[in-house]
Amino acid sequence: MARHRATRRGSRRRGGGAPTAGTSWRRVAVSAVLALAGSATTVWSTTAAGVPVSFAVSGSTFQVTADQLNGREAVQYASFDKDARGRSRPVAVAGIGHARLTNVCQSSVARTPFGPVTLTIRGGRGALVTAEDLVIDLQQVRGDLRFGDVQMGRDASRLDAAGSLTGGVLGAYGQQARTLDITDMRLSAWSLAAGSFSLHDATMSIRPGNRPCV
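For any residue, its number in this note's numbering is found by taking its place in the sequence shown, counting from 1, and adding 31.
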C-alpha cells in the first residue's frame, strides 16, 4: 500500500538564558508553526487523489480523539514505518474506505528551545467530520470497538474489504470488517492520510506546554 506521510521536527535548546518576557511567545509560535505545519496539513485538507503516496514519518506520535467513529470497509494489519533517519517503527495499519467522526480533536506536541508547544485542531462541536480512503499508522487505540461482518486471520496480502486500500505483505496476519464503530476513541498515531478529510467549523490553536487532546 502506498501511503502519504508528513514530518514534524522539534529542536533542542543549546544553552543561553530564559527568553525575555516581551518576545518569548512570538518566537515560540514561529517555532511551533514550522515544526508542526506538516501535521496540520495532513489532517486539515485533501492530501492526494485516491490512495496517498509514501513519506517518512516524524520521530514523535500525535493524538486524535473523537466521541464516535463510524467506518465502512475496514482493514488492519501489522507493518513498519521509517523515519527520516531510516529507523523502522512497528505500526498497526488501519485502513477505512469511508469514515464519519464526531467531535474530533487532533494534537501534536513540538519540542522547541523554549519548551513544549502544542498545536491543536478541532472540528466544530457536534460537527461531522468525513474522510475517504483513510489510512492511520497506529501506535495505540482505545475505546469501545464494534466490528460488523468481521474476518480475522486473513492473509494480509489478500485483504479486499477497503476497495482501493490494499493489504500488507504475503503471509502476515490481517483482518477486515464490513463496518467498524468506535465509541470514545482515543488513539496515538505515527501518521494519518486520506484521499479527502473534511472538517466543518474547525479551529486551530497553538499554546505553550504539553496539552494533548484527552
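Where is the CB? At the ideal position from N, CA and C, for every residue including glycine.
Taking 8 Å as the cut-off, decide whether the C-beta atoms of residue i and residue j are in contact.
i, j, result
"A97", "M183", "no"
"E104", "G194", "yes"
"D168", "V122", "yes"
"H231", "L132", "no"
"V181", "A208", "yes"
Can you tell me whether residue i sits near the ligand GTP, meaning its C-beta is under 7 Å from at least one heavy atom of the ligand?
i, result
"F111", "Of the ligands one can find in the structure shown there are none, so the ligand GTP has no counterpart to examine."
Under the assumption that residue i contacts residue j (Cβ atoms under 8 Å), give the Cβ distance between them as a whole number of angstroms.
i, j, result
"V95", "L211", "Not a contact, Cβ separation roughly 15 Å."
"L190", "G205", "5 Å"
"A130", "L100", "6 Å"
"G157", "N134", "7 Å"
Given a threshold of 16 other Cβ atoms within 10 Å of its Cβ, counted over all protein chains shown, does residue i qualify as buried or as exposed?
i, result
"D112", "buried"
"G179", "exposed"
"A220", "buried"
"G154", "buried"
"G81", "Residue confidence is low: G81 scores 35 on pLDDT, short of 50, so the model does not pin down where it sits. Its coordinate-derived value is still stated next. The residue is exposed, with fewer than 16 neighbouring Cβ atoms inside 10 Å."
"A115", "exposed"
"T92", "buried"
"S139", "buried"
"S236", "exposed"
"G117", "exposed"
"S119", "exposed"
Give the DSSP bridge partners of residue i, in chain order.
i, result
"Q170", "Partner(s): none; Q170 has no beta bridge."
"P147", "R142"
"N101", "R131, D212"
"D175", "T214"
"A125", "Q107, I167"
"D112", "R120"
"T92", "T92 pairs with nothing; no bridge assigned."
"G205", "Y108, R185"
* Asked: Is it true that the segment 220 to 240 meets the segment 151 to 163, where meeting means three or more beta-carbon pairs spaced less than 8 Å apart?
  -> yes
* Do the segment 171 to 180 and the segment 145 to 152 meet, that is, are 3 or more Cβ pairs less than 8 Å apart? -> no
* **At least three beta-carbon pairs within less than 8 Å, the segment 148 to 155 to the segment 234 to 245** => yes
* Cβ contact check for the segment 103 to 118 and the segment 195 to 212: 3 or more pairs under 8 Å -> yes
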